[in-house]
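Here the structure is laid out as structure tokens; the discussion comes afterwards.
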Amino acid sequence: MADEVTSSEAADTQSAEQGAQPVHQERPGRGARGRGRGGNDRAGGGNDRGGRGRRDDRNKRDEPQGDELIEKLVHINRVSKTVKGGKRFGFAALVVVGDGNGRAGFGHGKAREVPEAISKATAAAKKKMIRVPLKEGRTLHHDGTGHFGAGKVTLRSAPQGTGIIAGGPMRAIFESLGVADVVTKSNGTSNPYNMIRATFQALGEQTSPKSVAARRGKKIADLLGRGGAAPVVAEAEAAAITE
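Under the working numbering, the letters of the sequence shown match residues 19 to 261, in that order.
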């Protein structure tokens, strides 16, 4: 009987030790895990803050720098299509862009929303920019005319201080182009699309004395001297022409 009690007590003691052993092993584990989580939380918090900072710096580096194009929204047209269940609206945008230093372009885009239409038009305008030679960086070298559809425009160079004598879409073109003095006249239609295209046709025909002299194999002073200017004045004007 005593042996049975002893064996039973030994079994209870062994089971108690076995039951207590996981508890005894689990407590440091939880503490270690708790400390690990706490340490990881603190380290993770620092890493998260550092990671967010690095991501912000990376985004700042990826942003385009030095993009100084002038964007002018000329016209927005809203159209609607009647479908089953109501009307479906769309928008068309006409945008003019330029660098203010003799380069400009125009484009149009269509979309269901106005911002998307403007972004499409701006992207199209940047792809079709042209270079226009400017006299002294402020006006045109000579007069010109443009025609597209029912739109007819006349462009004239002007002395310093005249300003931009133009209205509507044409003013947006010259402001983005960097022209400070010009006189314009529009005849015929007032459709902004036709006026823009006619104006760019006239600007595309602009030439400078430098390009004409290179094409004819002469000096710029020879071309300017034929207008009645003195040789000294012609030489000075030729030296002042940069494009």
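All residues carry an ideal CB built from backbone N, CA and C; glycine is no exception.
Candidates A239, R215, A232, A231, of which the one nearest K146 by Cα:
As a position in the sequence shown, residue 146 is number 128, starting the count at 1. For the options A239, R215, A232, A231, the alpha carbon positioned closest to that of K146 is the one of R215.
What's the gap between the Cα of K153 and the Cα of S204?
The count along the sequence shown starts at 1 and reaches residue 153 at position 135. The count along the sequence shown starts at 1 and reaches residue 204 at position 186. Whole-angstrom Cα-Cα distance: 22 angstroms.
Using CA coordinates, which residue listed in L87, N95, K90 is at the minimum distance from N209?
Indexing the sequence shown from 1 puts residue 209 at position 191. Taking only the C-alpha atoms, the option nearest N209 is N95.
Pull up the DSSP beta-bridge partners for F124, would you.
Position 106 of the sequence shown, counting from 1, holds the residue named residue 124. Answer by DSSP bridge pairing, in chain order: V114.
With distance defined between alpha-carbon atoms, name the residue in T163, G123, F192 nearest to T157.
The count along the sequence shown starts at 1 and reaches residue 157 at position 139. Looking at the Cα atoms, F192 is the closest of the given residues.
I need the boundaries of the beta strand (DSSP E) containing T207, first residue and last residue.
Along the sequence shown, read from residue 1 onward, the residue named residue 207 stands at position 189. Neither: T207 is in no beta strand (DSSP E) and is coded neither H nor E.
Using a Cβ-Cβ cutoff of less than 6 angstroms, which residues in the same chain neighbour T100 once the five nearest sequence positions on both sides are dropped?
Start at 1 with the first residue of the sequence shown, and residue 100 comes out as number 82. Excluding residues within five positions, none has a Cβ falling inside 6 angstroms.
Does S98 pass the burial test, meaning 16 or more other C-beta atoms within 10 Å, or should it be called exposed?
In the sequence shown, residue 98 corresponds to position 80, counting from 1. When all chains shown are included, S98 counts as exposed.
Which of helix, strand or coil does DSSP assign to L195?
Here residue 195 corresponds to residue number 177 of the sequence shown, with the count starting at 1. Correct three-state label for L195: helix.
Output the boundary residues of the beta strand (DSSP E) element that contains V97.
Your numbering for residue 97 matches position 79 in the sequence shown. Run containing V97: 88-101, per the beta strand (DSSP E) assignment.
For the region 125-135 against the region 170-188, are there 3 or more C-beta pairs whose distance is under 8 angstroms?
Between the region 125-135 and the region 170-188 there are fewer than three inter-stretch CB-CB distances shorter than 8 angstroms, so the stretches are not counted as touching.
For R106, three-class secondary structure by DSSP:
Translated into positions along the sequence shown, residue 106 becomes position 88. Looking at R106 - three-state DSSP - the assignment turns out to be strand.
Among residues of its own chain, excluding the 5 on either side of A168, which ones have a beta-carbon nearer than 6 angstroms to its beta-carbon?
As a first step, residue 168 must be located in the sequence shown, where it is residue number 150. G206, T207.
Return the residue from the list S137, R121, V92 that minimises the CA-CA distance to L221.
The sequence position of residue 221 within the sequence shown is 203, counting from 1. Checked all of S137, R121, V92; the closest Cα to L221 is R121.
Enumerate in chain order the residues of its own chain whose CB-to-CB distance from A139 is below 7 angstroms, with the five nearest sequence positions on each side excluded.
In the sequence shown, the residue the question calls residue 139 occupies position 121. In its chain, beyond the 5 residues on either side, A111, L112, V113, G125, H126, G127 have a beta carbon closer than 7 angstroms to the beta carbon of A139.
Please determine, among E223, S229, G116, Q224, the residue with the shortest C-alpha to C-alpha distance to A141.
Here the question's residue 141 lines up with position 123 in the sequence shown. Nearest option by C-alpha distance: G116.
In chain order, what residues of the same chain have a beta carbon less than 7 angstroms from the beta carbon of E89, not counting five sequence neighbours either side?
For the purposes of this step, residue 89 is identified with residue 71 of the sequence shown, where counting begins at 1. Result list for E89: V113, V115, T140, in chain order.
Looking only at its own chain, which residues have a Cβ that is under 8 angstroms from the Cβ of V200, when we skip the five neighbours before and after it?
On the sequence shown, position 182 is the one that residue 200 refers to. Same-chain partners within the cutoff: T157, L158, L173, R174, S175, A176, T180, I182, I183, A184, F192.
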